[in-house]
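Visitor: Residue numbers (this note's numbering): 36 to 192. By construction, the Cβ of each residue, glycine as well, lies at the ideal position given by its N, Cα and C atoms. Got a structure for you, questions after.
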């Protein structure tokens, strides 16, 4: 594999990994924040962790690809090195994430305290008032305001 092929393969992998990461962000967007963010960090570590393939040539490959190929095909002896790299990069990313959360948490509490409590609206109708309003008789809706008969009946919501 020439240097140009090597860089082209890494470019294609990075584009595909970014696409997978964006799909994962979309799939986890409905989740609770403190579950969603660690899952995103985990997938980020899985997709973007490199491991060395040939120490003599200093060529790298994605650690998840090396692990999968060596386990499925039974060729090569790079499984443990790739798993070690995956766990190391994952640990580093989770440590950085925990540092980010530790800084973000007091800032968010300060920001919420700064804005003050939410105002309570006194003019909002109660449930009883809303139900009484819905039960009122609006008359026969098949006739318009002039008393002419309408050709179609409008549904009441």
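Identify which residue in 78, 85, 102, 104 has its Cα closest to the Cα of residue 59.
Guide: Numbered from 1 along the chain shown, position 24 holds the residue referred to as residue 59. Cα-wise, what sits closest to residue 59 is 78.
Visitor: Do residue 101 and residue 81 have their C-beta atoms within less than 8 Å of each other?
Guide: Taking the chain shown and counting its residues from 1, one reaches residue 101 at position 66. Taking the chain shown and counting its residues from 1, one reaches residue 81 at position 46. No, Cβ-Cβ distance for residue 101 and residue 81 is not below 8 Å.
Visitor: What would DSSP say about residue 110, mapped onto helix, strand or coil?
Guide: Looking up residue 110 in the chain shown gives position 75. DSSP places residue 110 in coil when its eight states are reduced to three.
Visitor: Bridge partners for residue 40 per DSSP, in chain order?
Guide: The residue labelled residue 40 in the question sits at position 5 within the chain shown. DSSP, once it has assigned bridges, lists no residue as partnering residue 40.
Visitor: How close, in whole Å, do the beta carbons of residue 113 and residue 88 come, if the pair is a contact with beta carbons under 8 Å?
Guide: Taking the chain shown and counting its residues from 1, the one referred to as residue 113 is at position 78. Taking the chain shown and counting its residues from 1, the one referred to as residue 88 is at position 53. At roughly 7 Å, the Cβ-Cβ gap stays under 8 Å, so residue 113 and residue 88 are in contact.
Visitor: Taking C-beta to C-beta, are residue 40 and residue 86 nearer than 8 Å?
Guide: Position 5 of the chain shown, counted from the start, is the residue given in the question as residue 40. Position 51 of the chain shown, counted from the start, is the residue given in the question as residue 86. Against a cut-off of 8 Å, the Cβ pair of residue 86 and residue 40 comes out as no contact.
Visitor: Just grab the DSSP bridge partners of residue 95 for me.
Guide: Locating residue 95 in the chain shown gives position 60, counting from the first residue. DSSP output for residue 95 lists 87 as bridge partner(s).
Visitor: Use the C-beta contact count for residue 90: other C-beta atoms within 10 angstroms, 16 or more gives buried, fewer gives exposed.
Guide: The residue labelled residue 90 in the question sits at position 55 within the chain shown. Exposed, because fewer than 16 other Cβ atoms sit within 10 Å of the Cβ of residue 90.
Visitor: If you drop the 5 nearest sequence neighbours on each side, which residues of the same chain put their C-beta closer than 8 Å to that of residue 140?
Guide: Working through the chain shown from its first residue, we reach residue 140 at position 105. Contacts found: none.
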